[in-house]
Amino acid sequence: PQAGLLAAFESALAEDSRIEPRDWMPDAYRATLIRQMAQHAHSEIIGMQPEANWISRAPSLRRKAILMAKVQDEAGHGLYLYSAAETLGVGRDELLDKLHAGRQRYSSIFNYPTLTWADVGAVGWLVDGAAITNQVPLCRCSYGPYARAMVRICKEESFHQRQGYELLLALSRGTEAQHAMAQDAVDRWWWPSLMMFGPPDTESGHSEQSMAWKIKRHSNDELRQRFVDICVPQAEVLGLTLPDPALRWNEERGAHDFGDIDWTEFHEVLRGNGPCNEQRITQRRTAHEQGAWVREAATAYAAKQGTEHGE
Ligand code: ACO
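Add 11 to a position in the sequence shown, counting from 1, and you land on the number used in UniProt numbering.
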């Protein structure tokens with residue numbers, strides 16, 4: 012029977028149809044999805060921190076309302092993704108425990124600080140822009156619940172990217188000091204954004220299998236290149252410079268060449284040695300502990316509802 016199940020799984024992949032929670036799937040496919048979806052969900056909720064840092068200091072009511080909506084969206088994305096991961100038979104508690112214990116990852120990018128208001132713009136333009144580039148293909152991921160969650164997430168990310176772009180444009184066209192602040196933010200966020208796509212293809216241990224399973228549709232380097240090519244003309248419109256002297260159009264390749272990424276920095280951040288790793292995880296644990304009463308109240312309420320309905 013195992014061979015028949017595997018054949019059914021493989022033919023579903025070959026036909027590009029979706030694998031659903033009740034379908035048989037190889038254990039390693041399930042484990043890979045849990046790893047990637049958990050990492051993705053954790054990134055969404057940890058990603059709330061660097062931007063929430065600026066809510067109380069947003070320069071106008073309009074900017075504050077936009078930023079609050081955006082940070083709230085990130086919480087929602089985390090919820091869609093934890094729910095999607097639960098369809099694979101893992102509990103949300105278990106995933107959060109692993110995050111808090113440092114046994115599951117979240118994106119490297121959220122270990123960098125948001126030092127000025129312009130960082131909110133750079134995060135929207137570059138970080139959310141990179142996220143969209145990586146996530147649009149995930150809408151065609153072979154696992155149904157993940158693919159469907161991605162459709163909605165991408166629509167919201169696109170709003171986030173635009174708010175960042177518009178914010179940076181306003182600063183870039185503002186006073187000299189505002190322009191300099193925008194440039195400084197782009198200088199600091201550019202390289203870490205390129206690292207979001209993961210290690211180079213030659214060092215990406217999971218890519219080959221994930222692509223064969225149609226979890227990933229493009230390699231890390233392909234998506235990184237696509238992102239660079241999208242950003243170059245956008246930076247021109249913004250009137251800002253991308254901090255890479257090696258960046259230039261390559262007619263032969265029909266793509267931009269760009270400089271070497273500092274992979275030592277990436278690995279250091281993954282090892283927990285980025286500028287904000289400690290702060291992010293401590294704040295996450297504290298938020299979880301302080302939210303215990305909400306979970307208890309919700310559970311008690313659900314139990315009470317059950318009793319009242321004679322269950
Ligand atoms: N930050 C932290 N860890 C990373 C990153 C990153 N930017 N990129 C890769 N890694 C980790 C992988 O998890 C893997 O860890 P492991 O060996 O301990 O399992 C290791 O580095 C090697 O990388 P790959 O083999 O290339 O891993 P993978 O095939 O999973 O590709 C990628 C990485 C592209 C990030 C993929 O997991 C993915 O597309 N994830 C979904 C998108 C996502 O998580 N986005 C979150 C940020 S966007 C946002 O929240 C706004």
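From the three backbone atoms N, C-alpha and C, an ideal C-beta is built for every residue, glycine too. Everything numeric in this text was worked out from a predicted model, so none of it was measured.
Asked	Found
Gly135 beta carbon less than 8 angstroms from that of Phe238	no
Identity of the residues DSSP links to Trp260 by a beta bridge	His267
Beta-bridge partners of Ile56, as assigned by DSSP	None; Ile56 has no bridge partner.
Pick from Ala142, Ala193 and His171 that is closest to Gly234, judged by C-alpha positions	Contrary to the premise, residue 234 reads as Leu rather than Gly in this sequence. Among Ala142, Ala193 and His171, the Cα nearest to that of Leu234 belongs to Ala142.
Range of the contiguous alpha helix (DSSP H) that encloses Ile143	Asp139 to Gln146
Asp139 Cβ short of 7 angstroms to ligand 1 heavy atom set	yes
Burial state of Tyr291, where buried means 16 or more other Cβ atoms lie within 10 Å	Looking at the sequence shown, residue 291 is not Tyr but Arg. The residue in question, Arg291, is buried, as its Cβ has 16 or more Cβ neighbours within 10 Å.
Glu55 CB to nearest heavy atom of ligand 1 below 7 angstroms	yes
With 16 other Cβ atoms within 10 Å as the buried cut-off, status of Ser218	buried
Thr252 vs Gln194 beta-carbon contact at 8 angstroms	yes
Short Cβ contact (8 angstroms threshold) for Trp65 with Ala133	no
Reference Asn145, options Tyr312, Leu205 and Ala19, closest by Cα	Leu205
Rounded straight-line distance, which links the Cα of Ala112 to that of Met59	19 angstroms
Contact check, Ser221 vs Thr98, beta carbons under 8 angstroms	no
Any non-hydrogen atom of ligand 1 within 7 angstroms of Asn288 CB	no
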